[in-house]
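Under my numbering, residues 135 to 327 are what the sequence shown spells out, in order. Working notes, beginning with the structure itself.
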Amino acid sequence: MKIRMTLAALTAVVAGAQATNLTANFNVDNDFFAYISTDDSVLGTYLFEGHNWPTTYTATVGLTAGQTNYLHVIATNAGGPYGLLGTLSLDDAGFWFDNNTQSAISGTDWRVNTTGFGNAYNAATFIANNGGGPWGFIGAPQSPNAQWIWSDSDNGTNRYFSIRLNTDVAVPEPASMLALAMGAAALIKKRRS
């Protein structure tokens with residue numbers, strides 16, 4: 135009976151070691167590529183891309199537990215108006231954005247540069263509110279409070295947006311926890327015999 139209870143308790147711990155999911159929604163005039171990384175100076179793993187600003191592109195990704203993650207977005211203007219509109223959310227409290235919540239919308243608190251990830255960033259520049267500028271209102275899943283942002287000038291080069299996803303909990307990965315549970319069960323069983 136004790137073995138079963140111990141295994142049940144350890145299984146619950148293993149089940150709790152699931153990844154926090156980030157959902158990202160972007161409209162970018164004109165193009166973007168998004169990546170997820172655990173190092174701000176490393177591009178990271180490809181997540182998704184978009185090439186038609188009226189379309190809201192959405193992706194969901196599991197974050198690496200126990201480490202700060204970074205959502206990296208490379209945005210490019212192909213001429214004419216330029217801007218990035220974004221709405222982000224996390225599905226639990228295991229991570230948070232720099233605003234100390236599980237949701238973030240594009241605004242002047244987002245970081246951007248023209249030189250690449252890991253280099254000095256500046257605050258993004260406000261271009262227009264969602265509903266303003268040449269774009270009109272972009273509905274759900276975009277927040278009505280999101281802002282079109284960019285860097286302080288446009289010269290046709292890439293813009294590098296970096297959004298930090300903070301955590302302070304080191305979470306053991308499930309396979310190690312399962313191995314620990316099985317080892318504990320074997321020791322308990324051996325001790326009883």
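Here a beta-carbon is modelled for each residue, glycine too, at the ideal position from N, C-alpha and C.
Inclusion of Gly220 and Ile239 in the CB contact set at 8 Å is warranted, their separation being smaller than that value.
Val162 and Gly217 have their alpha carbons spaced roughly 6 Å apart. Residue state for Tyr204 is assigned as strand, using DSSP reduced to three classes.
Between Asn264 and Gln281, the gap from beta carbon to beta carbon is short of 8 Å. Around the beta carbon of Tyr294, a 10 Å sphere encloses 16 or more other beta carbons of the protein chains shown; the residue is thus reported as buried. For the 8 Å CB-CB criterion, Thr242 and Phe260 form a contact.
Where Gly252 is concerned, there is no enclosing beta strand (DSSP E), because DSSP gives it neither an H nor an E. Collapsing the DSSP output to three states places Leu177 in coil.
Here Ile239 is bridged, per DSSP, to Thr221.
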